[in-house]
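Undergrad:
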Amino acid sequence: MANGSCATSHGVGTVHLSPSISIDNVLYVSESPFNLLSLSRLTRSLDCLISFTKDSIFLQDRSSERMIGTGCESHGLYHLVSFSPSVPNRALSLFVLVHSDIWGPSRVKSTLEFQYFVTFIDDYSRCTWLFLMKSRSKLFFIFQSFYNEIQTQFGVFIHTFRSDNAREYLSHSFKAFMASHDILHQTSCTYTPRQNGVAECKNRHLIETTCTLLLHGHIPHPFWGDAVLTACYLISRMPSSVLNNQIPHSILFPTQPLHLSTSSHLWIYMFCP
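Numbered according to UniProt numbering, the sequence shown spans residues 1 to 273.
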C-alpha cells in the first residue's frame, strides 16, 4: 500500500470498464480505498497507446487508431470519463441525418487488397451502406457516389452529415462539396467518439458479426471483406431494438416484401480446404 503496509488479495477476476475496455487478472483488495491500474499491464493487454495532458488521459487502440477510453485527473488520480447513455431523438424522415465512420486499417488485407471500410447510416431507417476501401483517401469519391445514388434512387437530399473529425472528412474537397450541396456537416469533438455513437456502434456490430461469420465457417481472415459486406446485408434485414423491432430495409423500402429465411441468394458461410 502507499503507506508501506501489506494487504491481502481476496480474489482475481475480469473487470469491464466500458464496452471497449476489459481488464483481466484484476486483484480484489478490500482494504484499498481506490481502484488502481497498472499502465504497463494495460498497454500490453489492450495493445493500446496512452497519452497524458495536464488534466486528462487518452487510450488509443494501436491497430484501428480509435480512441477507446478517456479519463480526467482528480486529486492525483485519473478517473474514467462517463458518458450519458441517452440517445438523441431519431430523425423524422429519410436522409435528414446521415452518420458515417471509417474503420481500419485491418491487420490482414482482404482478398482484393482492401484494408478499410466506410459506413453511411440513415438515422431514420438505420439502413447501412458499406464500401470497402484500399486507402482512406478514397472517402471523398465514395461519398460523391453515395450522394448521387441517394438523390437518384429516392429523390431526396441529405440535410445533415455527422462524422468524427478525421482529416478525410475535413479535406478541402469534402468541405467544398458539403457547402455546394447545402449539407450541414457535424463533427464530433476530439477524443469523444461517443458523439458519433451511431456510426461507432454500427461499425462495432459489423465487426462482431463479421468475426462470427468467419469463425463459424472456419474461413481464412483474408475473406473478411466478403464477410463484412454480408454482415451489413444481414443486419439491415433484421429487426432492430432501436427501431422498436422494425426492420431497417422495410422502413427504407416499405412496398418491397422481405423473405429473408427463404431467399435463394443467401448461402451458408463455409470454407472447404
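The beta-carbon is built from N, C-alpha and C at its ideal position, and this holds for glycine as well. Since the structure is predicted, the reported quantities are computational estimates derived from the model, not experimental observations.
Taking its Cβ as the centre, do 16 or more other Cβ atoms sit within 10 Å of S173, making it buried, or is it exposed?
TA: Exposed, since its Cβ has fewer than 16 Cβ neighbours within 10 Å.
Undergrad: Looking only at its chain, what residues have a beta carbon closer than 8 Å to the beta carbon of L170, apart from the 5 residues adjacent to it on each side?
TA: Around L170: T187.
Undergrad: Between which residues of its own chain and Q246 is the CB-CB distance below 7 Å, once the five residues before and five after are set aside?
TA: So the qualifying residues of the chain are P239 and S240.
Undergrad: Can you give me the C-alpha to C-alpha distance between N25 and T14, rounded to a whole angstrom?
TA: Between N25 and T14, the C-alpha separation is close to 6 Å.
Undergrad: Strictly by DSSP, which residues pair up with T128?
TA: Paired residue(s): I121.
Undergrad: I believe L213 touches A227 by the beta-carbon criterion, under 8 Å. Please report the beta-carbon distance rounded to the nearest angstrom.
TA: About 5 Å; that satisfies the 8 Å criterion.
Undergrad: So, with DSSP's three-state summary, where would you put T255?
TA: Reduced to three states, the DSSP call for T255 is coil.
Undergrad: Mark Y28 as exposed unless 16 or more other C-beta atoms lie within 10 angstroms of its C-beta, in which case mark it buried.
TA: Result: exposed.
Undergrad: Identify, in the order they occur along the chain, each residue of the same chain with its Cβ nearer than 8 Å to the Cβ of W224, setting aside the five sequence neighbours on each side.
TA: Once the five neighbours on either side are set aside, the close Cβ partners of W224 are S106, V108, S110, T210 and L214.
Undergrad: Just to confirm my understanding: we take S250, look at its own chain, exclude 5 residues before and 5 after, and list those with CB closer than 7 Å. What are they?
TA: The answer, listed in chain order, is L258.
Undergrad: With a CB to CB cut of under 7 Å and the five nearest residues on each side skipped, what residues in its chain are close to F117?
TA: These residues qualify, in order along the chain: W103, G104, L130, F131, L132, M133 and V228.
Undergrad: For L46, is the classification buried or exposed, using 16 other Cβ atoms within 10 angstroms of its Cβ as the cut-off for buried?
TA: It counts as buried.
Undergrad: I need the boundaries of the beta strand (DSSP E) containing N163, first residue and last residue.
TA: According to the sequence displayed, residue 163 carries Ser and not Asn. Counting along the chain, the beta strand (DSSP E) containing S163 begins and ends at T160 to S163.
Undergrad: So, with DSSP's three-state summary, where would you put V87?
TA: Per-residue confidence for V87 stands at a pLDDT of 47, beneath the threshold of 50, marking its modelled position as unreliable; the derived number appears in the next sentence. Note: V87 maps to coil in three-state DSSP.
Undergrad: Please classify H79 as buried or exposed, where buried requires at least 16 neighbouring CB atoms within 10 angstroms.
TA: H79 should be labelled exposed.
Undergrad: Please list the terminal residues of the continuous beta strand (DSSP E) segment that includes F58.
TA: Its beta strand (DSSP E) spans residues S56 to D61.
Undergrad: For F161, I'd like the list of residues in its chain whose CB is within less than 6 Å of its CB, leaving aside the five on either flank, ordered along the chain.
TA: Result list for F161: V98, I183 and H185, in chain order.
Undergrad: Would you call F157 buried or exposed, if buried means 16 or more other Cβ atoms sit within 10 Å of its Cβ?
TA: Result: exposed.
Undergrad: By how many angstroms is the C-alpha of F58 removed from the C-alpha of Q151?
TA: Near 40 Å, if we compare the C-alpha coordinates of F58 and Q151.
Undergrad: Identify, in the order they occur along the chain, each residue of the same chain with its Cβ nearer than 8 Å to the Cβ of F95, setting aside the five sequence neighbours on each side.
TA: Excluding positions up to five away in sequence, the list reads D122, Y124, I150, F154, V156, F157, I158 and H159.
Undergrad: For F141, does the count of other Cβ atoms within 10 angstroms reach 16, so buried, or fall short, so exposed?
TA: When all chains shown are included, F141 counts as exposed.
Undergrad: How about S163 and D101: do their beta carbons lie closer than 8 Å?
TA: Taking 8 Å as the Cβ cut-off, S163 and D101 qualify as a contacting pair.
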